[in-house]
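This report concerns only the one structure given below.
Protein chains: 2
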Amino acid sequence: MLASHQIATPTISYFEHNEERRVPEMIERLSAGAQIALVTDAGTPAISDPGFRLVRAALDAGIRVVAVPGASAAIAALSVSGLPTDRFTFEGFLPARDGSRRRALDALCAEARTMVFYEAARRLADTLAAMIAAFGDSRPAAVVREISKTYEETVRGTLLDLERRFRATPALGEITIIVAGASTGAAASDGALITVEVPNAIEALREAGLSLKQASAVVAKLSGRGRREVYQDVLKSREDDDSADE
Amino acid sequence: MLASHQIATPTISYFEHNEERRVPEMIERLSAGAQIALVTDAGTPAISDPGFRLVRAALDAGIRVVAVPGASAAIAALSVSGLPTDRFTFEGFLPARDGSRRRALDALCAEARTMVFYEAARRLADTLAAMIAAFGDSRPAAVVREISKTYEETVRGTLLDLERRFRATPALGEITIIVAGASTGAAASDGALITVEVPNAIEALREAGLSLKQASAVVAKLSGRGRREVYQDVLKSREDDDSADE
Numbered sequence: 104m105l106a107s108h109q110i111a112t113p114t115i116s117y118f119e120h121n122e123e124r125r126v127p128e129m130i131e132r133l134s135a136g137a138q139i140a141l142v143t144d145a146g147t148p149a150i151s152d153p154g155f156r157l158v159r160a161a162l163d164a165g166i167r168v169v170a171v172p173g174a175s176a177a178i179a180a181l182s183v184s185g186l187p188t189d190r191f192t193f194e195g196f197l198p199a200r201d202g203s204r205r206r207a208l209d210a211l212c213a214e215a216r217t218m219v220f221y222e223a224a225r226r227l228a229d230t231l232a233a234m235i236a237a238f239g240d241s242r243p244a245a246v247v248r249e250i251s252k253t254y255e256e257t258v259r260g261t262l263l264d265l266e267r268r269f270r271a272t273p274a275l276g277e278i279t280i281i282v283a284g285a286s287t288g289a290a291a292s293d294g295a296l297i298t299v300e301v302p303n304a305i306e307a308l309r310e311a312g313l314s315l316k317q318a319s320a321v322v323a324k325l326s327g328r329g330r331r332e333v334y335q336d337v338l339k340s341r342e343d344d345d346s347a348d349e
Numbered sequence: 104m105l106a107s108h109q110i111a112t113p114t115i116s117y118f119e120h121n122e123e124r125r126v127p128e129m130i131e132r133l134s135a136g137a138q139i140a141l142v143t144d145a146g147t148p149a150i151s152d153p154g155f156r157l158v159r160a161a162l163d164a165g166i167r168v169v170a171v172p173g174a175s176a177a178i179a180a181l182s183v184s185g186l187p188t189d190r191f192t193f194e195g196f197l198p199a200r201d202g203s204r205r206r207a208l209d210a211l212c213a214e215a216r217t218m219v220f221y222e223a224a225r226r227l228a229d230t231l232a233a234m235i236a237a238f239g240d241s242r243p244a245a246v247v248r249e250i251s252k253t254y255e256e257t258v259r260g261t262l263l264d265l266e267r268r269f270r271a272t273p274a275l276g277e278i279t280i281i282v283a284g285a286s287t288g289a290a291a292s293d294g295a296l297i298t299v300e301v302p303n304a305i306e307a308l309r310e311a312g313l314s315l316k317q318a319s320a321v322v323a324k325l326s327g328r329g330r331r332e333v334y335q336d337v338l339k340s341r342e343d344d345d346s347a348d349e
């Protein structure tokens, strides 16, 4: 692209796999007075794209960092999704493995804000199926693909509509999935959710008279995690605290 | 701006206070075959900006809606903030009134994702003070102002650093506040938060052997609400269910 615009500025690669090596090189050159532009072939650097480490290192070194505002598929897709835009969460790519993806989605089942996900086309139908398992089949959602390109397409419907559609006709291109938050219909009852750190939950349950095992079982049930896993975490966090307060 | 580029396309106003009246007019014209571009003087339409109602109405009427991806202060500011960008929440403008603002911030005190807020310059120091009350004074944050303009400035530090700085030297211009999520230091334990609906929490506690009153007390403690309030809610939701399952 630079060549087609006769831009002769030297370029070097910067991506996830050489980021750790590149950052100190770049900071050295910046400290010596160089100016460096971090560009990406699509979207905004540092948003589901390498760049965060370089920005942080530059700021830590006292180097001025300025944004050149540009496109982001998350914002563009959200703006045409027809789903509430006043508050939203950006989740990026879900874990690729089934179990991790399920846990990530389960942790979002009570999220009240509109959620924005990126997904690879080949995983779209499976991810929509996993979303149905976590959020229910009637949750409103939109799939936006190839945004800003010739074959841009926005498909709206329930998660079930979308899963059927993209199971039958697999999509190509880059995908943004927008999912309405939980209980958009019942948005009035915003006091009906609690978010709490696990150690605080355990402590409150112990104070109410439950044993550590019982408390772990309750927390495991509420969080969708294994009872043994929660119990081990609790034991571990107690050990960490030992030197301080026992 | 259109005039300076000799663009003669007719324009009409569309803003928060005439949105309800404009939407049906626009849908009528679109249905008759017109093409309409929704533009804004800054940022992306429908993101902390009017547009959502028109997009939704157009989609409901079967009209194709296409995004022209452009700038968003939220994304641009986040990309230069040096704070984690892999997941974030966009909160827009907080309520202007003290009590509502405090409640909105308290509800975010356990939010683990990086948070993005918009704020008016004249309220910046007070909002930072309210954030200190909700999140603690050592939470890492960044204030980005006048993004993409001549006097663009990014100031990073703890909430306390930022509050002192902007209390002493009030900022001008449009402000984006980026606040790190809770326990960024302990980011490894991403299973350490649970979000749960109150009725489900009560049910799990009752199954663990607590009385309804004890369960309400635990939930009240964890959610920061009054015990009586939670108890009344629970009784009420039971009454609502009565016809169905008792």
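Listed in order, the protein sequences are those of chains A and B. For the first sequence, the residue numbers in the numbering used here are 104 to 349. For the second sequence, the residue numbers in the numbering used here are 104 to 349. Backbone N, C-alpha and C fix where the C-beta goes; we use that ideal spot for every residue, glycine too.
Endpoints, beta strand (DSSP E) assigned at A/Arg-204:
Here residue 204 of chain A corresponds to residue number 101 of the first sequence, with the count starting at 1. In the DSSP assignment, A/Arg-204 falls outside any beta strand (DSSP E) and lies within the alpha helix (DSSP H) extending over 201-209.
If we count Cβ pairs, one from each stretch, closer than 8 Å, do we get three or more for the stretch 184-194 of chain A versus the stretch 212-225 of chain A?
Judged by Cβ distances under 8 Å, the stretch 184-194 of chain A makes contact with the stretch 212-225 of chain A, as three or more pairs qualify.
In angstroms with no decimal places, state the Cα-to-Cα distance between B/Ala-106 and A/Ala-233.
Sequence index remark: in the second sequence, residue 106 of chain B carries index 3 (1-based). Sequence index remark: in the first sequence, residue 233 of chain A carries index 130 (1-based). If I take the Cα positions, the gap works out to 50 Å.
Whole-angstrom distance between A/Leu-186 and A/Pro-243, CA atom to CA atom:
As a first step, residue 243 of chain A is located in the first sequence; it is residue number 140 there, counting from the start. As a first step, residue 186 of chain A is located in the first sequence; it is residue number 83 there, counting from the start. Linking A/Pro-243 to A/Leu-186 through their CA atoms gives a straight-line distance of about 8 Å.
Length of the line joining the Cα atoms of B/Glu-222 and B/Ala-283
Translated into the one-based positions of the second sequence, residue 222 of chain B becomes position 119. Translated into the one-based positions of the second sequence, residue 283 of chain B becomes position 180. In this model, B/Glu-222 and B/Ala-283 are separated by some 17 Å (Cα to Cα).
Could you tell me which residues DSSP puts in a beta bridge with B/Glu-222?
Start at 1 with the first residue of the second sequence, and residue 222 of chain B comes out as number 119. DSSP, once it has assigned bridges, lists B/Ile-278 as partnering B/Glu-222.
Short CB-CB distance (under 8 Å) between B/Val-246 and chain A
For this step, residue 246 of chain B is matched to residue 143 along the second sequence. Taking Cβ atoms only, chain A never reaches closer than 8 Å to B/Val-246, which makes this a no.
If you measure beta-carbon to beta-carbon, which residues of the stretch 314-326 of chain B are closer than 9 Å to chain A?
Residues passing the 9 Å Cβ filter: Gln-317, Ala-318, Ala-320, Val-321, Val-322, Lys-324, Leu-325 and Ser-326.
Within its chain, find whatever has a CB closer than 6 Å to the CB of B/Ser-340; leave out the 5 residues flanking it on each side and keep chain order.
Position 237 of the second sequence, counted from the start, is the residue given in the question as residue 340 of chain B. Excluding the 5 residues flanking it on each side, B/Ser-340 has same chain C-beta neighbours closer than 6 Å at Pro-302, in chain order.
Outcome for B/Tyr-254 when other beta-carbon atoms lying within 10 angstroms are tallied against a minimum of 16:
The count along the second sequence starts at 1 and reaches residue 254 of chain B at position 151. Of the residues assessed, B/Tyr-254 falls on the exposed side of the cut-off, its CB having fewer than 16 other CB atoms within 10 angstroms.
Going by CA-CA distance only, name the one from B/His-108, B/Glu-277 and B/Thr-143 that's closest to B/Ile-115.
Taking the first residue of the second sequence as position 1, residue 115 of chain B is located at position 12. Taking only the C-alpha atoms, the option nearest B/Ile-115 is B/Thr-143.
Is the shortest distance between the beta-carbon of B/Phe-251 and the beta-carbons of chain A less than 8 Å?
Taking the second sequence and counting its residues from 1, one reaches residue 251 of chain B at position 148. It is Ser, not Phe, that sits at residue 251 of chain B in the sequence shown. Yes, B/Ser-251 counts as interfacial toward chain A.
Checking contacts by CB at 8 Å: is B/Glu-277 closer than that to chain A?
Start at 1 with the first residue of the second sequence, and residue 277 of chain B comes out as number 174. Not one chain A Cβ lies under 8 Å of B/Glu-277.
Consult DSSP for A/Glu-306 and reduce its assignment to one of helix, strand or coil.
Residue 306 of chain A sits at position 203 when you count from the first residue of the first sequence. Of the three classes helix, strand and coil, the one that applies to A/Glu-306 here is helix, per DSSP.
Partner residues on chain A for B/Glu-255, Cβ-Cβ distance less than 9 Å:
Position 152 of the second sequence holds residue 255 of chain B. Under the 9 Å cutoff, chain A gives Val-169 and Ala-170.
Taking only the alpha-carbon atoms, compute the straight-line gap between A/Ile-297 and A/Ser-151 and give it to the nearest angstrom.
To locate residue 297 of chain A, count along the first sequence from 1; it is residue 194. To locate residue 151 of chain A, count along the first sequence from 1; it is residue 48. Rounded to whole angstroms, A/Ile-297 and A/Ser-151 show a C-alpha spacing of 29 Å.
Closer than 7 Å by C-beta to B/Gly-154: which residues in its own chain qualify, once you throw out the five before and the five after it? Chain order, please.
What you label residue 154 of chain B is simply residue 51 of the second sequence in a count that begins at 1. Same-chain partners within the cutoff: Leu-141 and Pro-148.
Check whether the Cβ atoms of B/Ile-166 and B/Leu-133 lie closer than 8 Å to each other.
Residue mapping note: residue 166 of chain B aligns to position 63 of the second sequence, counting from 1. Residue mapping note: residue 133 of chain B aligns to position 30 of the second sequence, counting from 1. Here B/Ile-166 is near B/Leu-133, since their CB atoms are less than 8 Å apart.
Using a 10 Å radius around the Cβ and a threshold of 16 neighbouring Cβ atoms, would you call A/Ala-164 buried or exposed?
Along the first sequence, one-based indexing puts residue 164 of chain A at 61. It counts as exposed.
Tell me, please, whether the stretch 167-177 of chain B touches the stretch 197-207 of chain A by the rule of three or more beta-carbon pairs shorter than 8 Å.
At 8 Å Cβ cutoff, the stretches do not touch.
Taking only three categories from DSSP, how would you classify A/Ile-115?
Position 12 of the first sequence, counted from the first residue, corresponds to residue 115 of chain A. The three-state reading of DSSP puts A/Ile-115 in coil, since its state is none of H, G, I, E or B.
Does chain B have any CB closer than 8 Å to the CB of A/Ile-280?
For the purposes of this step, residue 280 of chain A is taken as residue 177 along the first sequence, with counting starting at 1. Interface residue (Cβ-Cβ distance to chain B less than 8 Å): A/Ile-280 is not classified as such.
Starting from B/Glu-194, find everything on chain A with Cβ-Cβ shorter than 7 Å and list it in chain order.
What you label residue 194 of chain B is simply residue 91 of the second sequence in a count that begins at 1. Arg-190, listed in chain order.
Looking only at C-alpha atoms, which of A/Ala-311, A/Ile-278, A/Lys-252 and A/Met-104 sits nearest to A/Leu-231?
Within the first sequence, residue 231 of chain A is the residue found at index 128, counting from 1. Ranking A/Ala-311, A/Ile-278, A/Lys-252 and A/Met-104 by Cα distance to A/Leu-231 puts A/Ile-278 first.
Determine, using beta carbons only, whether A/Arg-341 comes closer than 8 Å to chain B.
Position 238 of the first sequence, counting from 1, holds the residue named residue 341 of chain A. Not an interface residue.
Does A/Ile-130 have its Cβ less than 8 Å from a Cβ in chain B?
The residue you call residue 130 of chain A lines up with position 27 of the first sequence. Residue-level contact by beta carbon fails for A/Ile-130 and chain B, as no gap is shorter than 8 Å.
Exposed or buried, which one is B/Gly-146 when buried takes at least 16 other CB atoms within 10 Å?
Translated into the one-based positions of the second sequence, residue 146 of chain B becomes position 43. Taking every protein chain shown into account, the CB of B/Gly-146 has 16 or more other CB atoms within 10 angstroms, so this residue is buried.
If the cut is a Cβ gap below 8 Å, which residues of chain A does B/Ser-175 touch?
In the second sequence, the residue the question calls residue 175 of chain B occupies position 72. At a C-beta separation below 8 Å, B/Ser-175 has these neighbours in chain A: Pro-172, Ser-175 and Ile-178.
If you draw a straight line from the alpha carbon of A/Ser-184 to that of A/Glu-310, how long is it in whole angstroms?
Taking the first sequence and counting its residues from 1, the one referred to as residue 184 of chain A is at position 81. Taking the first sequence and counting its residues from 1, the one referred to as residue 310 of chain A is at position 207. Rounded to whole angstroms, A/Ser-184 to A/Glu-310 spans 46 Å at the Cα level.
Quick check: the Cα distance between B/Pro-273 and B/Leu-227, rounded to an integer number of angstroms?
For the purposes of this step, residue 273 of chain B is identified with residue 170 of the second sequence, where counting begins at 1. For the purposes of this step, residue 227 of chain B is identified with residue 124 of the second sequence, where counting begins at 1. Roughly 8 Å between the two C-alpha positions.
Under the rule that 16 or more other beta-carbon atoms within 10 Å means buried, what is A/Ile-110, buried or exposed?
As a working note, residue 110 of chain A is residue 7 in the first sequence. Classification for A/Ile-110: exposed.
DSSP on A/Ala-174, reduced to helix/strand/coil?
Indexing the first sequence from 1 puts residue 174 of chain A at position 71. If DSSP states are grouped into helix, strand and coil, A/Ala-174 belongs with coil.
So is B/Phe-269 in contact with chain A if we call contact Cβ pairs under 8 Å?
Counted from its first residue, the second sequence places residue 269 of chain B at position 166. Taking a beta-carbon distance threshold of 8 Å, B/Phe-269 does not count as an interface residue toward chain A.
Hey, could you find the ends of the alpha helix (DSSP H) A/Ala-237 is sitting in?
Along the first sequence, one-based indexing puts residue 237 of chain A at 134. It spans 227-238 - the alpha helix (DSSP H) in which A/Ala-237 sits, taken as one unbroken run.
Are any of the Cβ atoms in chain B nearer than 8 Å to that of A/Ala-311?
Here residue 311 of chain A refers to the residue found at position 208 when the first sequence is read from its first residue. When Cβ-Cβ separations below 8 Å define contact, A/Ala-311 makes contact with chain B.
Residue environment, B/Leu-181, which counts as buried when at least 16 other CB atoms sit within 10 Å:
As a first step, residue 181 of chain B must be located in the second sequence, where it is residue number 78. Answer is buried; the Cβ neighbour count reaches 16.
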